[in-house]
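These notes are about the structure you will find just below.
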Amino acid sequence: MRWPSRILSALVVAVLGAQGSVADAQGMPVATRPVLDEFLGPAGSLPNPDLWAFDVGTNKKYHWEKGSLQDYTNAPDNVRLDGNGHLVIQARKGGSDSVPSYTSARMTTRGRMAFPYGVVSARIKFPTGQGIWSAFWMMGLNYDTVAWPECGEIDIMEIINTGTKYHAALHGPDGSKRGFELTAKGPIPDLSAGFHKYWVNRQPNTITIGIDDGALAKFTRDSLKGNSRWTLDQPMFALFNIAVGGDWPGPPDSSTSFPATMIIDWFSFEPMAKG
């Protein structure tokens, strides 16, 4: 997807300017017009700071992905523009074979922009490898005040170890610490072989997740059972990350190739049509 620069400029100004967003009660801007980021800029630089921020620190301290091994940074070794219209996130191995260490990046629109009903999408080439856990996902903008799982989470796509199986999910509150989980998963031609468009279409009480031109799963409020509560209609912020290890993928091994590289061609939001 390559839009003319004049259209891109109009979209960026419309959304990030004063007329393109409204402030939510949480203080985070909520997009009211289309957003498109094609990650244009000099090689080695960070993406647009008006739209993107970074979670930085150790997983041991913040417990971001259960049991994962990486420290998140915003250093160029882990996240940067490539100068050719792509955003690169890399998980790297350091230390020694006997005492390895890992660094990666977790990029988010949290605090910068949340997205209401509509379609959030990105064109991505995902990495694979034993112990590699990469994701494109969203969380509710009230995360800082009510925490997880009350805020709700949408996993648009998680790639665990191999690109030949897709994982999508919803998370939310049900009165327990872990909350509820609705999942969609299954075999698929190797997603790591090239770029694909991953998307979520949020409408009132309905969430549809897909790849390219096909839908993979449709979830509705009526899908919930028991004490589960649907908190997924609020504006949500977007995230991209690569975790290393963790309870789900298991640790990397001698077959794992580093750096593990996620390449994002573009990110977009299209508001739900009115009327």
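For reference, each letter of the sequence shown is one residue, going 12 to 286 in the numbering used here.
Think of the CB as a built atom: it goes at the ideal place given N, C-alpha and C, for glycine as much as any other residue.
Beta bridge counterpart(s) of residue i as assigned by DSSP
i: H182; result: E164 and E192
i: H207; result: I135
i: M283; result: Bridge partners of M283: none, in fact.
i: F176; result: Checking the sequence, you will find Lys at residue 176 rather than Phe. DSSP, once it has assigned bridges, lists P198 as partnering K176.
i: N212; result: V130 and T219
i: T231; result: T217
i: E169; result: A146 and H178
i: N252; result: R117 and A146
i: T272; result: Q101
i: A226; result: G221
i: D82; result: T69 and T114
First through last residue of the alpha helix (DSSP H) which encompasses residue i
i: D155; result: Y154 to V157
Close-in-space but distant-in-sequence residues of the same chain around residue i (CB under 8 Å, 5 per side omitted)
i: P200; result: T175
i: D244; result: Y128, R213, P215 and N216
i: T242; result: G151, E161, C162, G163, G183 and P184
i: F206; result: R134, I135, K136, I274 and D276
Contacting residues, own chain, Cβ-Cβ under 6 Å from residue i (five flanking each side not counted)
i: S239; result: D185 and F191
i: I18; result: Per-residue confidence for I18 stands at a pLDDT of 37, beneath the threshold of 50, marking its modelled position as unreliable; the derived number appears in the next sentence. For I18, where only same-chain residues beyond five positions count, there are no Cβ hits under 6 Å.
i: P111; result: K104
i: W159; result: none
i: A195; result: A179, L227 and A228
i: S16; result: Note that S16 scores a pLDDT of 37, beneath 50, so its modelled location is shaky and nothing firm can be said.
i: S56; result: L92
i: G197; result: none
Same chain only: Cβ atoms within 7 Å of residue i, ignoring 5 sequence neighbours per side
i: R213; result: Y128 and G129
i: G257; result: E76, K77, G78, S79 and W144
i: E281; result: P45, G129 and V130
i: N59; result: D48
i: I171; result: W144, H178, W259 and P260
i: L51; result: G96
i: T69; result: D82
i: S234; result: L193
i: T231; result: N216 and T217
Residue interval of the beta strand (DSSP E) (run including residue i)
i: S115; result: P111 to S115
i: V90; result: V90 to L92
i: R103; result: L98 to G106
i: P40; result: P40 to A42
i: L47; result: V46 to D48
Expected contact under 8 Å - CB spacing of residue i and residue j to nearest Å
i: N85; j: V99; result: At roughly 13 Å, the Cβ-Cβ gap does not stay under 8 Å, so N85 and V99 are not in contact.
i: A125; j: P246; result: 4 Å
i: D276; j: R134; result: 4 Å
i: Y209; j: M168; result: 5 Å
i: T156; j: W63; result: Their Cβ separation, rounded to whole angstroms, is 22 Å, which puts T156 and W63 out of contact at 8 Å.
Heavy atom of the ligand GDP within 7 Å of residue i beta-carbon
i: M168; result: Here there are no bound small molecules, and the ligand GDP is not part of this structure.
Exercise for the section: Could you say if the stretch 257 to 275 and the stretch 133 to 142 meet the contact criterion of at least three C-beta pairs nearer than 8 Å? Expected result: At 8 Å Cβ cutoff, the stretches touch.
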